[in-house]
Amino acid sequence: MIEPLQTILIVASLLLAVAAGVYVALDRSPDNALVGLAGLLELGFVVQAVIGIGQVVGDDDVASPVTFIGYLVAALIVLPVGVLWSLAERSRGATAVLIVAALTTAFLVVRVVQLHG
Amino acid sequence: MAEAGFEGSTKSGLGRALVAIYAVFALSATARSGVQLATQASEAPLAYTLSAVAGLVYIAATLGLAEVGPAPRRLAWAAVGFELVGVLTVGTLTVLDPELFPDATVWSAYGQGYGYLPLVLPFLGLAWLVRTRPTG
Numbered sequence: 003m004i005e006p007l008q009t010i011l012i013v014a015s016l017l018l019a020v021a022a023g024v025y026v027a028l029d030r031s032p033d034n035a036l037v038g039l040a041g042l043l044e045l046g047f048v049v050q051a052v053i054g055i056g057q058v059v060g061d062d063d064v065a066s067p068v069t070f071i072g073y074l075v076a077a078l079i080v081l082p083v084g085v086l087w088s089l090a091e092r093s094r095g096a097t098a099v100l101i102v103a104a105l106t107t108a109f110l111v112v113r114v115v116q117l118h119g
Numbered sequence: 065m066a067e068a069g070f071e072g073s074t075k076s077g078l079g080r081a082l083v084a085i086y087a088v089f090a091l092s093a094t095a096r097s098g099v100q101l102a103t104q105a106s107e108a109p110l111a112y113t114l115s116a117v118a119g120l121v122y123i124a125a126t127l128g129l130a131e132v133g134p135a136p137r138r139l140a141w142a143a144v145g146f147e148l149v150g151v152l153t154v155g156t157l158t159v160l161d162p163e164l165f166p167d168a169t170v171w172s173a174y175g176q177g178y179g180y181l182p183l184v185l186p187f188l189g190l191a192w193l194v195r196t197r198p199t200g
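Protein chains in written order, with the working numbering: chain A, 3 to 119; chain B, 65 to 200.
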């Protein structure tokens, strides 16, 4: 798997988690900037999934392909579901859902890297 | 914005984040045990079955706390209670006898492999259920 993309995805996920944390601390509702950051990150996960699945279909050396694809697909759905669940309510707890989602995607990328190594 | 803890609702305020955490555990535990049971069930059938049970418990807790179904609060109490008993039992057994399960489960050594979140989570769940208990 291409290293730079994964580094960017992990850093961006953690950045989103910190940004959401600031919103929670300030008691602010998610605005276009925050949701836009999540959308941008989601684009990165689409790219990761396309490249990753391509590598499994090709002859690249992946430890356990089923689990590998599972993590790629999980990384795809976490942010959209998290954003929907978060935006359906205006409260600190609802905004904090974005922290949970972003930390989850960061963890998923780490697992993807581990499986490919 | 309203502060956490709308009277009687387990999916509002802080509960929303709690449901999100439970959903992550439901997804990961279920998917992981599904893959393990499908591809290498004979290696550690007890551990993988236990992982599957844990996955179902997390799904039930997620649905209950998210107020899905006819009696969500009862479902949440049962699931989170089972979760607490499960993590304490499996955690204690695996600490006393690490050889008991050849492969780790989400509850092994009190959820050590998951940053002890599986141990903390049921206490958070129970505290939330108590705090949002309907009055009267």
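Cβ atoms here follow ideal geometry from the backbone N, Cα and C, with glycine treated the same way.
Remember, it's a predicted structure, so these values are computed and weren't measured experimentally.
With a cut-off of 7 Å, does the C-beta of residue i fall near any C-beta of chain A?
i	result
Ala108 (chain B)	no
Ala68 (chain B)	Model confidence at Ala68 (chain B) stands at a pLDDT of 45, short of 50, so the residue's coordinates are unreliable and nothing is read from them.
Ala124 (chain B)	no
Gly128 (chain B)	no
Met65 (chain B)	Residue placement at Met65 (chain B) is flagged as unreliable, the pLDDT there being 44, under the threshold of 50; the coordinate-derived value follows with that caveat. Yes, Met65 (chain B) counts as interfacial toward chain A.
Arg80 (chain B)	yes
Val88 (chain B)	yes
Leu185 (chain B)	no
Considering residue i, what are the terminal residues of the alpha helix (DSSP H) in which it resides?
i	result
Gly119 (chain B)	Pro109 to Leu129
Phe187 (chain B)	Leu181 to Arg195
Thr106 (chain A)	Arg94 to His118
Ser76 (chain B)	Looking at the DSSP string, Ser76 (chain B) is not in any alpha helix (DSSP H), and its letter there is neither H nor E.
Ser172 (chain B)	Counting along the chain, Ser172 (chain B) falls outside any alpha helix (DSSP H), and DSSP gives it neither H nor E.
Val17 (chain B)	For chain B, the structure presents residues 65 to 200; residue 17 (chain B) sits outside this window and is missing.
Thr9 (chain A)	Glu5 to Leu28
Would residue i count as contacting chain B if we go by Cβ distances under 7 Å?
i	result
Glu44 (chain A)	no
Ser15 (chain A)	no
Thr69 (chain A)	yes
Ile5 (chain A)	Note that residue 5 (chain A) corresponds to Glu in the displayed sequence, not to Ile. So, not an interface residue.
Gly54 (chain A)	no
Val114 (chain A)	no
Val102 (chain A)	yes
Thr106 (chain A)	yes
If residue i and residue j are in contact, beta carbons under 8 Å, what's the gap, nearest whole angstrom?
i	j	result
Thr126 (chain B)	Ala87 (chain B)	5 Å
Ile12 (chain A)	Val112 (chain A)	7 Å
Leu110 (chain A)	Ala77 (chain A)	4 Å
Val99 (chain B)	Val68 (chain A)	5 Å
Val99 (chain A)	Ala84 (chain B)	4 Å
Gly79 (chain B)	Leu148 (chain B)	With 8 Å as the limit, Gly79 (chain B) and Leu148 (chain B) do not qualify as a contact, their Cβ atoms being about 18 Å apart.
Val85 (chain A)	Ala40 (chain A)	5 Å
Trp141 (chain B)	Leu193 (chain B)	6 Å
Show which residues of chain B have a CB atom less than 7 Å away from the CB atom of residue i.
i	result
Gly72 (chain A)	Ala95 and Val99
Val99 (chain A)	Arg80, Ala81 and Ala84
In chain A, which residues lie with their C-beta within 9 Å of the C-beta of residue i?
i	result
Ser76 (chain B)	Glu91, Ser93, Gly95 and Ala96
Listing by chain order, which chain B residues have their CB less than 9 Å from the CB of residue i?
i	result
Gly38 (chain A)	None at all; the shortest Cβ gap to chain B is about 20 Å.
So residue i contacts chain A; which residues on that side make the cut at Cβ distance below 7 Å?
i	result
Leu91 (chain B)	Ala76
Thr103 (chain B)	Val68
Which residues in chain B have a C-beta closer than 8 Å to the C-beta of residue i? List them in chain order.
i	result
Val64 (chain A)	Per Cβ cutoff of 8 Å: no residues; Val64 (chain A) is ~14 Å from chain B at best.
Gly84 (chain A)	Ala84
Taking Cβ-Cβ distances shorter than 8 Å, what residues in chain A pair up with residue i?
i	result
Thr244 (chain B)	A query on residue 244 (chain B) cannot be resolved here, the shown segment of chain B reaching from 65 to 200 and no further.
- Message: Ignoring anything shorter than 3 residues, give me the beta strand (DSSP E) runs that lie fully in the region 38–95 of chain A, in order along the chain.
- Response: none
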